[in-house]
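In what follows, a single structure is set out as structure tokens and then discussed.
2 protein chains.
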Amino acid sequence: MTHRSRLAALVIDCKTDDLDAAGAFWAAALGLEVRPAAPNYVDLGSVGGLHVEVQTVDHESRVHLDIAADDIPAEVARLETLGARKVAEVKTWTIMEAPTGQRFCIIQGRSDAFRATANVWED
Amino acid sequence: MTHRSRLAALVIDCKTDDLDAAGAFWAAALGLEVRPAAPNYVDLGSVGGLHVEVQTVDHESRVHLDIAADDIPAEVARLETLGARKVAEVKTWTIMEAPTGQRFCIIQGRSDAFRATANVWED
Numbered sequence: 120m121t122h123r124s125r126l127a128a129l130v131i132d133c134k135t136d137d138l139d140a141a142g143a144f145w146a147a148a149l150g151l152e153v154r155p156a157a158p159n160y161v162d163l164g165s166v167g168g169l170h171v172e173v174q175t176v177d178h179e180s181r182v183h184l185d186i187a188a189d190d191i192p193a194e195v196a197r198l199e200t201l202g203a204r205k206v207a208e209v210k211t212w213t214i215m216e217a218p219t220g221q222r223f224c225i226i227q228g229r230s231d232a233f234r235a236t237a238n239v240w241e242d
Numbered sequence: 120m121t122h123r124s125r126l127a128a129l130v131i132d133c134k135t136d137d138l139d140a141a142g143a144f145w146a147a148a149l150g151l152e153v154r155p156a157a158p159n160y161v162d163l164g165s166v167g168g169l170h171v172e173v174q175t176v177d178h179e180s181r182v183h184l185d186i187a188a189d190d191i192p193a194e195v196a197r198l199e200t201l202g203a204r205k206v207a208e209v210k211t212w213t214i215m216e217a218p219t220g221q222r223f224c225i226i227q228g229r230s231d232a233f234r235a236t237a238n239v240w241e242d
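Chain order of the listed sequences is A and B.
Heads up, the working numbering is the position in the first sequence plus 119, with the first residue counted as 1.
Heads up, the working numbering is the position in the second sequence plus 119, with the first residue counted as 1.
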């Protein structure tokens, strides 16, 4: 069996109640356009092949990476073998923590672009 | 006058003495290759048009963004107008803090690829 994964997104986590201001700053800073997506996040489109989002959070502000995978349990298992640990399953994604301390998420990868550009892993 | 800037890199800051292990984890997690670059960082190449690096730091582990600019003082001034503040000048780069709290760096952009893909700003 194989599965696929790739670095898919940068998520700019902002501890703020003012999502509009946070989205406006990061869009202007990075030269991107704000596209409101949901009550707690805005989509800034893509840079290269990476999606950029700004969201409001309760924890301290940071930037986190999303890895897309076509088989989330297989990707979580692969990353656990590398030394990461599973923190939580939330809706359709899984939060993990790297051995170096950063949290990141595993999200579902489904698009043709994802399949064309993802790494293929032997399970 | 104009200047140019673009989101150029993801830097994975790791509070660790073991750069080799940190680089190995992130390379394997993201499907990239480790290319040792300097005593305190490794180059993982590019995803899309974004450069990915892992470095050792004394502060808590995090991920930070680098914005490349062909005129760093002009880019710092542009970002200050947007609400960011300058934290420090270090060697060839400037550390800034977003109004939403994340630190990021302004680095020199010089390549043809940079010029071809950067945003152009009126100063």
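Even glycine gets a Cβ: it sits at the ideal position worked out from N, Cα and C.
**Request:** Closer than 9 Å, Cβ to Cβ, to anything on chain A: give me those residues from the stretch 169-186 of chain B, in chain order.
**Result:** LEU169, VAL171, VAL173, GLU179, SER180, ARG181, VAL182, HIS183, LEU184, ILE186
**Request:** Determine the extent of the alpha helix (DSSP H) in which B/ALA128 is found, giving its start and end residues.
**Result:** For this step, residue 128 of chain B is matched to residue 9 along the second sequence. Note, B/ALA128: premise wrong, no alpha helix (DSSP H); beta strand (DSSP E) at 121-133.
**Prompt:** Run through DSSP, which three-state label would A/THR219 get?
**Reply:** Indexing the first sequence from 1 puts residue 219 of chain A at position 100. A/THR219 falls in the coil class under three-state DSSP.
**Asked** What are the start and end residues of each continuous beta strand (DSSP E) run of 3 or more residues lying completely inside the stretch 133-175 of chain B, in chain order?
**Response** 154-157, 160-166, 169-175
**Prompt:** Nearest-angstrom Cα distance between A/GLU81 and A/ARG197?
**Reply:** Given that chain A is displayed from residue 120 to residue 242, the structure contains no residue 81 of chain A and the question cannot be resolved.
**Request:** Following the continuous beta strand (DSSP E) through A/GLU199, name the residue where it begins and the one where it ends.
**Result:** Translated into positions along the first sequence, residue 199 of chain A becomes position 80. Not the beta strand (DSSP E): A/GLU199 falls in the alpha helix (DSSP H), residues 191-200.
**Prompt:** Do you know how far the Cα of A/THR213 is from the Cα of A/MET120?
**Reply:** On the first sequence, position 1 is the one that residue 120 of chain A refers to. On the first sequence, position 94 is the one that residue 213 of chain A refers to. A/MET120 and A/THR213: Cα-Cα distance of roughly 21 Å.
**Prompt:** When the cut-off is 9 Å and only beta carbons count, does A/TRP212 lie next to chain B?
**Reply:** In the first sequence, the residue the question calls residue 212 of chain A occupies position 93. No, its Cβ sits nowhere closer than 9 Å to a Cβ of chain B.
**Message:** Among the candidates A/ALA147, A/ALA143, A/GLU216, whose CA atom is the shortest distance from the CA of A/THR135?
**Reply:** Residue mapping note: residue 135 of chain A aligns to position 16 of the first sequence, counting from 1. It is A/ALA143 whose Cα lies nearest to the Cα of A/THR135.
**Asked** Going by beta carbon distance, what residues of the same chain come within less than 6 Å of B/LEU138, once the five residues before and after it are set aside?
**Response** Residue numbering aside, residue 138 of chain B sits at position 19 when the second sequence is read from its first letter. Result list for B/LEU138: THR175, in chain order.
**Asked** For B/SER124, which residues in chain A fall below 9 Å Cβ to Cβ?
**Response** As a position in the second sequence, residue 124 of chain B is number 5, starting the count at 1. Under the 9 Å cutoff, chain A gives ALA148, LEU149, GLY150.
**Prompt:** Given B/ARG181, which residues of its chain have a CB within under 7 Å of its CB, disregarding the five upstream and five downstream residues?
**Reply:** Taking the second sequence and counting its residues from 1, one reaches residue 181 of chain B at position 62. Within the same chain, B/ARG181 has close Cβ partners ASP132.
**Asked** In the DSSP assignment, what are the bridge partners of A/HIS183?
**Response** The residue you call residue 183 of chain A lines up with position 64 of the first sequence. A/HIS183 is bridged to A/VAL130.
**Prompt:** Where does A/ARG204 fall in DSSP's three states?
**Reply:** Within the first sequence, residue 204 of chain A is the residue found at index 85, counting from 1. Strand at A/ARG204.
**Message:** Within the continuous alpha helix (DSSP H) that includes A/ASP231, where are the two ends?
**Reply:** The residue you call residue 231 of chain A lines up with position 112 of the first sequence. Its alpha helix (DSSP H) spans residues 231-236.
**Request:** Let me know if A/ARG125 comes out buried or exposed under the rule of 16 or more other beta-carbons within 10 Å of its beta-carbon.
**Result:** For the purposes of this step, residue 125 of chain A is taken as residue 6 along the first sequence, with counting starting at 1. It is buried - the Cβ of A/ARG125 has at least 16 other Cβ atoms within 10 Å.
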